[in-house]
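Asks: Before anything else, here's the structure in question.
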Amino acid sequence: MIISSYMRTEHRACDEIFAAAEKHVIDGDFEKAEEQFILFADDTIRHFKKEEESLFPTFEELTGNTEGPTRIMKFEHEQVRGLIGKMAEAVENKDSDAYLSLAESMMILLQQHNMKEEQMLYAMCDRMIPQDVKESTLETMKAIEL
Amino acid sequence: MFSQGGLSLEQAPPISVVMKFFITASLFGLILGLYLLASSSGLLTYSAYAYNVTITHFLALGVMASFMLGALFQMLPVIAGVVIKMPSKKSMVVHVLLMVGVFLQLFAFNTSISLLYLFSAIILGSALLHATTLMIKELIKVQDHSSSSKGMLLSLSSFTIAIVFGIYLLLTLGGYISGDAFTQVKEAHYSFALFGWVALLIVSVSFQVVEMFYVTPKYPTIMSKYLVTAIVMLLVLKLIALFISLPTVGIDLILALLFIAYGIITLHRLYRRKRPTSDATVWFWRLGMGLLIVSMFITALGTVTSIDQGLKSISYLAFIGFALSIVFAMNYKIVPFLTWFHLSNQGYMEAPMMHDVIHPKKAKIHFYIHIAMLVTWTLSILFNLPMIDIVASLLVVLSFGWLLYHLIFAVRKYNYTQKHTEKIEW
């Protein structure tokens, strides 16, 4: 379960940073909020990049299916990217109400997205991809930068 | 292949499916409040029996079943990866029959006209059995059940049993069958309805949404894996015990203790949540769990010692408060999210943000109204003063009226965005 374990850890790390940014917004400390938000945005986008450039193509090649789960996941990545843009604007404008409102949508969207990946997609990857390919995919993902 | 779906464009039912159930539930709550007001101010006089069954069923079916079926139509694709085909058409059949059935039952209880019992049994039975069977049929197909999807399946199965028993009771009251097992069936009916349907569905959904909405640690595996099965097994044992005339207090005690354990663990999850927000929905969850613990503590006490009617009434009130608190918490998350989600997925760049649909401050006001309502009903039980009854009834009207107003506001906002703002084609 090396894929599941690695990717789940990244999801949880993003949740923690997201919660920290939200806390700073609630406290009115926008400098720290911005710092944490940038970290969250970078980590999330890097995580998507790892999936889109390495894990998903491996899965698609193996299953011969580019119109299934990976298509839905990529569509949802676009939704999250759109929200990140709006949240960045809110944190820059120090608009806490707008930020917290967007944070609500982001959290539900992201959590149900993660749930699908963890319960199905990663589990399928761990089950179907041969061990050596999994290991090399994992190494490629670890090396991906923004 | 990707059966563990989620809230994607292809799978989410139209927003109208959910909203019509939620609005109807609030409307039923409002009517219930007016009925209570008319009774407490002496405008309507009924026998204690008619009053009690009317309130119980208006609340259980008109309010709770409407909310919970609406939420299930929405949540089955998200939580269980189950897609109900033609959701608009199927939900409309359930919705219309349920509305008619609830009113027929109300008139049956208050007039005791035989034919009304028959019609309400047929119409309510058709509405609810149609809903449960179509959902169970899809849930059974799920290959890898999560604790939530398994719980949903078991709670819908419990609801089906409660409905069948309910039909038996209505037909007995109408004089269509002899009803030899009336007492046992009545006890089994409300045990399956309250513990097996309402409480179990909340438990099942919480295993996923508490973690998802508030980023909490996971529930202990032993609880998420075995609690729902244990509750259903205990209910089945209770049913057998009732029919072979064995005492059921031991089963009731274990059930109450299991729900207390669940309530404490959920409160602990919420305490350890990573998200710092303490919006109204967090408070509704905390209150709901607190009330579940109170209700079940009194139930447990009642199994080991004799307790007076006042304490029993407080236990019922706490259970109602628990169920309503969770339903309100879910409403204030689901409705703003779905409004934003559907509009932004349709390409409306000016889709209102969640706080623009229902602001958390409005939900917080509802929380205070809800608390005031529960406190005044408790005072009403303790002191039995007509003036307190009137205030408590007014607060029921205000509570559901407040929610109804905000649901209608959300629908208007949705329609306005669709009609008056720019849409981008994906």
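As you go down the protein sequences, you meet chains A and B in turn.
Using the numbering used here, the first residue of the first sequence is number 1, and each one after it goes up by one.
Using the numbering used here, the first residue of the second sequence is number 1001, and each one after it goes up by one.
We treat Cβ as the ideally placed atom computed from N, Cα and C, and that holds for glycine.
Alpha carbon to alpha carbon, what distance is there between residue 1249(B) and residue 1303(B)?
Replies: Stepping through the second sequence from its first residue, residue 1303(B) is reached at position 303. Stepping through the second sequence from its first residue, residue 1249(B) is reached at position 249. If you take the alpha carbons of residue 1303(B) and residue 1249(B), they lie about 5 Å apart.
Asks: From residue 1357(B) to residue 1057(B), what does the alpha carbon distance come to, in whole angstroms?
Replies: Within the second sequence, the letter at position 357 stands for residue 1357(B). Within the second sequence, the letter at position 57 stands for residue 1057(B). So the two alpha carbons sit approximately 31 Å from each other.
Asks: Within the 9 Å Cβ cut-off, does residue 1074(B) reach chain A?
Replies: As a working note, residue 1074(B) is residue 74 in the second sequence. Not an interface residue.
Asks: Is the separation between the beta-carbon of residue 1061(B) and that of residue 1124(B) shorter than 9 Å?
Replies: Along the second sequence, read from residue 1 onward, the residue named residue 1061(B) stands at position 61. Along the second sequence, read from residue 1 onward, the residue named residue 1124(B) stands at position 124. Contact: yes.
Asks: Hey, is the segment 1385-1392 of chain B in contact with the segment 1305-1321 of chain B, meaning 3+ C-beta pairs nearer than 8 Å?
Replies: No contact exists between the segment 1385-1392 of chain B and the segment 1305-1321 of chain B.
Asks: Taking only three categories from DSSP, how would you classify residue 7(A)?
Replies: As a position in the first sequence, residue 7(A) is number 7, starting the count at 1. Of the three classes helix, strand and coil, the one that applies to residue 7(A) here is helix, per DSSP.
Asks: Residues in the segment 17-28 of chain A with C-beta within 7 Å of chain B's C-beta atoms, listed in sequence order?
Replies: Within the segment 17-28 of chain A, the qualifying residues are 19, 22, 23 and 26.
Asks: For residue 1321(B) and residue 1373(B), what's the separation of their Cα atoms in angstroms?
Replies: Residue 1321(B) sits at position 321 when you count from the first residue of the second sequence. Residue 1373(B) sits at position 373 when you count from the first residue of the second sequence. C-alpha separation (whole angstroms): 9 Å.
Asks: Would you say the segment 1364-1373 of chain B touches the segment 123-134 of chain A, given that touching needs at least three Cβ pairs under 8 Å?
Replies: Taking 8 Å as the limit for Cβ pairs, the verdict is that the segment 123-134 of chain A does not touch the segment 1364-1373 of chain B.
Asks: Using the beta-carbon count (16 or more within 10 Å), is residue 31(A) buried or exposed?
Replies: On the first sequence, residue 31(A) is found 31 positions in, with the first residue counted as 1. Classification of residue 31(A): exposed, given that the 10 Å Cβ count is below 16.
Asks: So, at 8 Å on beta carbons, what are the nonlocal neighbours of residue 17(A) in its own chain, with the 5 sequence-adjacent residues on each side left out?
Replies: As a position in the first sequence, residue 17(A) is number 17, starting the count at 1. Excluding sequence neighbours, residue 17(A) sits near 36, 39, 40 and 43.
Asks: Ends of the alpha helix (DSSP H) at residue 1298(B)?
Replies: Position 298 of the second sequence, counted from the first residue, corresponds to residue 1298(B). Unbroken alpha helix (DSSP H) run through residue 1298(B): 1280-1304.
Asks: Between residue 1237(B) and residue 1251(B), what straight-line distance do the alpha-carbon atoms span, to the nearest angstrom?
Replies: Translated into positions along the second sequence, residue 1237(B) becomes position 237. Translated into positions along the second sequence, residue 1251(B) becomes position 251. If I take the Cα positions, the gap works out to 8 Å.
Asks: Please list, in chain order, the chain C residues whose beta carbon lies closer than 7 Å to that of residue 1335(B).
Replies: Note that chain C does not occur in the displayed structure, where the protein chains are A and B.
Asks: Just how far apart, CA to CA, sit residue 1021(B) and residue 1400(B)?
Replies: Within the second sequence, numbered from 1, the residue matching residue 1021(B) stands at position 21. Within the second sequence, numbered from 1, the residue matching residue 1400(B) stands at position 400. One C-alpha to the other measures close to 14 Å.
Asks: Between residue 1340(B) and chain A, is there a C-beta pair that is closer than 9 Å?
Replies: Position 340 of the second sequence, counted from the start, is the residue given in the question as residue 1340(B). Residue 1340(B) counts as touching chain A.
Asks: If distances are taken between C-alpha atoms only, which option among 1417(B), 1024(B), 1308(B) and 1098(B) comes closest to residue 1348(B)?
Replies: Translated into positions along the second sequence, residue 1348(B) becomes position 348. The residue with the shortest Cα to Cα distance from residue 1348(B) is 1417(B).
Asks: So what's residue 1413(B) in DSSP terms, helix, strand or just coil?
Replies: Counting from 1 along the second sequence, the entry for residue 1413(B) is found at position 413. Helix at residue 1413(B).
Asks: Among 27(A), 50(A), 29(A) and 24(A), which one has its Cα closest to the Cα of residue 11(A)?
Replies: Here residue 11(A) corresponds to residue number 11 of the first sequence, with the count starting at 1. Considering only alpha carbons, the answer is 50(A).
Asks: What is the DSSP secondary structure of residue 1423(B), counted as helix, strand or coil?
Replies: The sequence position of residue 1423(B) within the second sequence is 423, counting from 1. If DSSP states are grouped into helix, strand and coil, residue 1423(B) belongs with the strands.
Asks: Rounded to whole angstroms, what is the Cα-Cα separation between residue 1452(B) and residue 1152(B)?
Replies: There is no way to answer for residue 1452(B), as the model of chain B reaches only from 1001 to 1426.
Asks: Please list, in chain order, all residues of the same chain as residue 1054(B) whose beta carbon is under 8 Å from its beta carbon, the five residues on each side excluded.
Replies: Position 54 of the second sequence holds residue 1054(B). So the list reads 1035, 1046, 1106, 1109 and 1110, once near-sequence residues are dropped.
Asks: So what's residue 1176(B) in DSSP terms, helix, strand or just coil?
Replies: In the second sequence, counting from the first residue as 1, residue 1176(B) sits at position 176. Looking at residue 1176(B) - three-state DSSP - the assignment turns out to be coil, as it is neither helix nor strand.
Asks: For residue 1006(B), count neighbouring Cβ atoms within 10 angstroms of its own Cβ and tell me buried if that reaches 16, exposed if not.
Replies: Position 6 of the second sequence holds residue 1006(B). Confidence at residue 1006(B) is low in this model, with a pLDDT of 41, below 50, so its placement is unreliable and the value that follows should be read with caution. It counts as buried.
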